[in-house]
Amino acid sequence: MNPIWQLCEFKKPLILASTSPRRAAILKGIDLPFEVAAPKYDEEPYSQWDAGELLLKKAVQKAESVKGDWADHAILSADTIVLLNRKVFGKPRDAEEAEEMLTALSGRTHHVWSSLCYIPEWHGEVRTTTCRTKVNFRNFTDKEIKAYVSTGDPLDKAGGYGIQSIGGLWVQNIQGCYFNVVGLPLSQLWDLIRAS
Numbered sequence: 003m004n005p006i007w008q009l010c011e012f013k014k015p016l017i018l019a020s021t022s023p024r025r026a027a028i029l030k031g032i033d034l035p036f037e038v039a040a041p042k043y044d045e046e047p048y049s050q051w052d053a054g055e056l057l058l059k060k061a062v063q064k065a066e067s068v069k070g071d072w073a074d075h076a077i078l079s080a081d082t083i084v085l086l087n088r089k090v091f092g093k094p095r096d097a098e099e100a101e102e103m104l105t106a107l108s109g110r111t112h113h114v115w116s117s118l119c120y121i122p123e124w125h126g127e128v129r130t131t132t133c134r135t136k137v138n139f140r141n142f143t144d145k146e147i148k149a150y151v152s153t154g155d156p157l158d159k160a161g162g163y164g165i166q167s168i169g170g171l172w173v174q175n176i177q178g179c180y181f182n183v184v185g186l187p188l189s190q191l192w193d194l195i196r197a198s
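So the sequence shown is numbered by this note's numbering: it starts at 3 and just counts up by one.
Right, here's the structure in full:
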């Protein structure tokens, strides 16, 4: 095991209560042993009025939905949304909605919010945190939007784009955590884990 994770005294692999391939890739990239467990819960739609509260609630629900099967493992979950002028952009339902999202985001500044929930081994205290990153998008044309959407890349991502893939072409700059925009803010993750 990586010496950094030995400091945390993990006895078993972390359980990632998420099916996001990006979150799994981030954990692999930091050499943290983990297993994936798909969350088992009914997801509520976001509204512009309760987005922050619901984001945190969803992260907790995801973690708690798998803890019965993984009693002796630490559990991590997350949920991510994009906010533009109080309008919530989750994952687009289809290509048409992805185009609408990208058109709305073009040339504008939005915020990416992620909430994390961490439950230590043997289900100690539930720990949560929320991270916000400001993202400035370049203007892009309808042709560029259609071409990007046709790749299928936007369809499983909050806001309809992936900063870590071709969607990053339109990101002019960010203020805050890059990994938050991908879906798992590492600095906040470290804070939750080392509080053990």
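Note that the Cβ used here is the ideal one computed from N, Cα and C, for glycine as well.
These numbers were taken from a predicted model, which means no experiment stands behind them.
Identity of the residues DSSP links to residue i by a beta bridge
i       : result
Leu-78  : Leu-18, Tyr-120
Leu-85  : Val-90, His-113
Thr-135 : Val-114
Ile-176 : Val-137
Glu-37  : Ile-17
CA-to-CA distance, residue j to residue i, given in whole angstroms
i       : j       : result
Ser-20  : Thr-82  : 11 Å
Leu-171 : Asp-155 : 13 Å
Phe-142 : Arg-110 : 11 Å
Trp-72  : Pro-41  : 12 Å
His-113 : Thr-135 : 6 Å
Asp-44  : Ser-108 : 32 Å
Asp-74  : Trp-192 : 20 Å
Leu-29  : Gly-70  : 22 Å
Ala-100 : Ala-39  : 27 Å
Tyr-180 : Ile-32  : 15 Å
Asp-144 : Ser-22  : 28 Å
Per-residue DSSP class, three states only, for residue i
i       : result
Arg-140 : coil
Phe-91  : strand
Thr-130 : strand
Thr-105 : helix
Phe-181 : helix
Glu-11  : coil
Gln-166 : coil
Tyr-150 : helix
Ala-73  : coil
Test item: CB-CB of residue i and residue j under 8 Å
i       : j       : result
Ile-121 : Ala-65  : yes
Leu-85  : Thr-131 : no
Leu-104 : Ile-147 : yes
Phe-36  : Leu-56  : no
Cys-119 : Val-68  : no
Val-151 : Ala-97  : yes
Leu-78  : Leu-16  : yes
Rounded Cβ spacing between residue i and residue j (contact assumed at less than 8 Å)
i       : j       : result
Ser-117 : Ala-76  : Incorrect: roughly 17 Å between the Cβ atoms, too far for contact.
Val-183 : Ile-176 : 6 Å
Leu-186 : Arg-25  : 5 Å
Val-173 : Val-137 : 6 Å
Lys-59  : Ala-160 : Not quite, the Cβ-Cβ distance comes to about 16 Å (not below 8 Å), so this is no contact.
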